[in-house]
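Remarks on the structure that follows.
Numbering (the working numbering), first residue to last: 0 to 322.
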């Protein structure tokens, strides 16, 4: 009888010990899964400035190969979860040039190069996407999206042009809105015809506030300022700061073709201009790339100047090792 009680007691203690081990293993596994899930909920974004595929750049692509201008940055862009740029031309065979100083139109065959180069999303809310009218603008959007690259800031009508584009990576929803902040508009917005997304304080405030609760991180692309200016204009600052006040987590700017200083506004980064990326064979202007780690309504971003003067092949500066 005593022996049976002893064995029963031993068996119960052994079972309790096994339960403790199992519970410990379960808690450890749950912690590891939680840590893994938390680390997965970050997205690496890289963003660059103006991309122009017409004129001298198109001639160079015909001569040296379609990917040539992007060759040195392709691995850098492809290594990011999301790569963003500003497509500063139309891609079409249609239309006539609207009256302005410069008009850029690229061959539709070159639309595929954006995907090959590593881009995930491009903005067309700029002053050259409409260079050959509404039909050419719609061609541009359709040709680019046919390759799998997302277009923001332009579309078949005003509603589509202003539509929030969402890209999901690592369980995070990254939202993009894009605006052209130059006035007056050479091609007016339309409820029934292809157009761009035009900026106004009221529009930015309303659309950004609406988008904020639909995504985990909200990025606003802003095409504004003065060409060649090394500092942001009051209008640039107003639009960008309005976006942050309304709920944007980062503003990415372009149009001046040179890099402008960034600003931390209420703890959120505003990059007023990233300058050029692939734009001219001679490497005019200056350019930079954003490296950003995105978490839920949190952005940690740094900026790196690019070298543009090497045969229309932008690249990162070489690291000089000391002896």
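Yeah, the Cβ is synthetic: ideal placement off N, Cα and C, and Gly gets one too.
Report task. Tell me, please, whether the stretch 93-100 touches the stretch 155-169 by the rule of three or more beta-carbon pairs shorter than 8 angstroms. Result -> no
Report task. Indicate whether residue 272 and residue 231 have their beta-carbon atoms separated by less than 9 angstroms. Result -> yes
Query raised in the report: Curious, which full-length beta strand (DSSP E) runs of at least 3 residues does the stretch 89-167 contain?
Result: 120-122 and 149-151
Requested in this report: Report yes if the CB atom of residue 49 is closer than 9 angstroms to the CB atom of residue 276, and no otherwise.
Outcome: yes
Query raised in the report: For residue 245, which three-state DSSP category applies?
Result: helix
Query - Other residues of its chain near residue 179: CB distance less than 8 angstroms, five sequence neighbours each side excluded - result: 124, 125, 126, 152, 195, 196, 197, 198, 222 and 223
Query raised in the report: Is there contact here, the stretch 228-242 with the stretch 258-265, by at least three beta-carbon pairs under 8 angstroms?
Result: yes
Query raised in the report: Does DSSP classify residue 260 as helix, strand or coil?
Result: strand
Report task. Over the uninterrupted alpha helix (DSSP H) stretch that includes residue 56, give me the two end residues. Result -> 54-63
**Report entry** Cβ neighbour criterion (16 or more within 10 Å) applied to residue 303
**Finding:** exposed
Query - Spatial neighbours of residue 309 in its chain, beta-carbon cut-off 6 angstroms, leaving aside the 5 residues before and after - result: none
Query raised in the report: Exposed or buried, which one is residue 100 when buried takes at least 16 other CB atoms within 10 Å?
Result: exposed
**Report entry** residue 187, buried or exposed, once every other Cβ within 10 Å from all chains shown has been counted against 16
**Finding:** exposed
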